[in-house]
Amino acid sequence: MLKTILRGCRPWPALLVASGVALTAALGFWQYGRAQTRLAHQARIERWEAAPVVPIGTEPVSLADVEYHRVRISGQFLGNRVVYLDNRPRNEQPGFYVVMALEISPGHAVLVNRGWLPRDLRDRTAIMPYPTPQGAVTIDGIAQADPSRAFELGNGSVAGTPIRQNLDVAAYAKETGLVLQPFVVMQTSALDDRLLRDWPAPASGANRNFGYMAQWFAMSLVLAIMGLRLAYRRGRMLAAGSTNAMKEEGTA
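The sequence shown begins at 1 in the UniProt record's numbering and counts up one residue at a time.
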């Protein structure tokens with residue numbers, strides 16, 4: 001069989017098939033590597049969330065030092081520094097994320113995603129009432145780069161508007177004049193404020209990479225089988241032609 005396959009191989013088609021097999025296999029291994037990287041990052045996140053709480057004050061803290069870590073901040077909520085992030089459904093019900101500044105000291109604050117608030121179905125621009133604690137509070141939560149990202153078309157995050165699609169911390173600091181830490185705290189501590197805080201666990205995304213990996217490896221296998229099959233068929237045809245030619249010579 002091997003001899004038949006080798007007989008049926010032609011240089012350029014064989015090179016093209018081999019290149020296709022090598023390329024698709026390499027892409028499969030690359031996706032595998034990406035999946036492993038994501039799993040390792042997910043494991044780090046789980047370790048950080050289990051680590052001791054990091055207290056946050058007015059001293060600047062880099063995002064890289066606290067992202068996905070548990071943090072604790074004390075201060076007073078600024079009810080006039082709040083943004084409602086639109087298009088944040090929960091259990092197929094429309095609603096907002098309530099992102100409010102917590103002032104640690106005059107002019108210094110941290111943005112806190114306080115939780116989810118259902119939308120008033122009669123008026124999408126109306127905000128349903130919810131209580132905000134007065135005076136000093138202590139908040140525990142998870143530090144993240146932003147409160148969440150939603151697909152945005154046009155000018156869905158115009159400065160100065162209370163309802164937006166997304167919120168950039170640095171841009172909001174310029175807009176308000178507050179000195180903000182470069183992250184948002186996803187509040188986990190309980191407050192009697194009617195806001196829901198059952199945050200989804202960060203997904204690693206590794207399953208998607210494993211899916212792509214399987215597709216590339218399957219494509220590589222199909223190319224290899226097709227190439228071998230075509231070479232084998234051509235080899236048999238050449239062998240049959242050779243046998244017939246020899247028979248004709250013998251008859252002559």
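Every residue, glycine too, gets a C-beta built ideally from N, C-alpha and C. Because the structure is a prediction, the values reported are computed rather than measured.
Look at the Cβ atom of TRP216, then the Cβ atom of GLY33, and state whether they are nearer than 8 angstroms. Along the sequence shown, read from residue 1 onward, the residue named residue 216 stands at position 216. Along the sequence shown, read from residue 1 onward, the residue named residue 33 stands at position 33. No.
At the level of alpha carbons, what is the spacing between ARG208 and ALA214? Residue numbering aside, residue 208 sits at position 208 when the sequence shown is read from its first letter. Residue numbering aside, residue 214 sits at position 214 when the sequence shown is read from its first letter. Taking the straight line from one Cα to the other gives about 10 angstroms.
Does DSSP put ASP168 in a helix, in a strand, or in coil? Position 168 of the sequence shown, counted from the start, is the residue given in the question as residue 168. Three-state DSSP puts ASP168 in coil, outside helix and strand.
Could you give the C-beta distance for VAL112 and ILE139, rounded to a whole number, given that I count them as a contact under 8 angstroms? Against the sequence shown, residue 112 aligns to sequence position 112. Against the sequence shown, residue 139 aligns to sequence position 139. Contact holds; Cβ gap of about 6 angstroms.
Measuring straight from C-alpha to C-alpha, what distance separates GLU152 and VAL98? As a working mapping, residue 152 is identified with position 152 in the sequence shown. As a working mapping, residue 98 is identified with position 98 in the sequence shown. Low local confidence applies: a pLDDT of 46 at GLU152 is under 50, so the model's placement there is unreliable, with the coordinate-based value given in what follows. If I take the Cα positions, the gap works out to 18 angstroms.
Helix or strand or just coil, what does DSSP make of VAL17? Working through the sequence shown from its first residue, we reach residue 17 at position 17. If DSSP states are grouped into helix, strand and coil, VAL17 belongs with the helices.
LEU117 and ALA109 look like a contact to me (Cβ under 8 angstroms); what is the Cβ gap, rounded to whole Å? As a position in the sequence shown, residue 117 is number 117, starting the count at 1. As a position in the sequence shown, residue 109 is number 109, starting the count at 1. By a beta-carbon distance limit of 8 angstroms, LEU117 does not contact ALA109. Their separation comes to about 20 angstroms.
Confirm, please, whether the CB-CB distance from VAL71 to VAL184 is below 8 angstroms. Stepping through the sequence shown from its first residue, residue 184 is reached at position 184. Stepping through the sequence shown from its first residue, residue 71 is reached at position 71. It is not a contact, given that the beta carbons lie outside the stated cut-off.
Return the CA-CA distance between ALA64 and ARG119, expressed in angstroms with no decimal places. For the purposes of this step, residue 64 is taken as the residue at position 64 of the sequence shown. For the purposes of this step, residue 119 is taken as the residue at position 119 of the sequence shown. One C-alpha to the other measures close to 34 angstroms.
Residue range of the alpha helix (DSSP H) that includes LEU63: The count along the sequence shown starts at 1 and reaches residue 63 at position 63. 63-66 is the span of the alpha helix (DSSP H), which, as asked, contains LEU63.
Rounded to the nearest angstrom, what separates PRO133 and THR37 at their Cα positions? To locate residue 133, count along the sequence shown from 1; it is residue 133. To locate residue 37, count along the sequence shown from 1; it is residue 37. Their Cα atoms are separated by approximately 41 angstroms.
Have a look at GLY57 and GLN187 and give me their C-alpha separation to the nearest angstrom. Along the sequence shown, read from residue 1 onward, the residue named residue 57 stands at position 57. Along the sequence shown, read from residue 1 onward, the residue named residue 187 stands at position 187. Cα to Cα, the separation comes out at about 16 angstroms.
Alpha-carbon spacing of LEU122 relative to VAL82, whole angstroms: Walking along the sequence shown from the start, residue 122 turns up at place 122. Walking along the sequence shown from the start, residue 82 turns up at place 82. The amino acid at residue 122 is misidentified as Leu; the sequence shows Arg. Taking the Cα positions, ARG122 is about 22 angstroms away from VAL82.
Please report the distance separating the alpha-carbon of ARG88 from that of LEU23. Here residue 88 refers to the residue found at position 88 when the sequence shown is read from its first residue. Here residue 23 refers to the residue found at position 23 when the sequence shown is read from its first residue. ARG88 and LEU23: Cα-Cα distance of roughly 40 angstroms.
Check each candidate in TYR68, SER62 and ALA40 and name the one with the smallest Cα separation from ALA51. Working through the sequence shown from its first residue, we reach residue 51 at position 51. The residue with the shortest Cα to Cα distance from ALA51 is TYR68.
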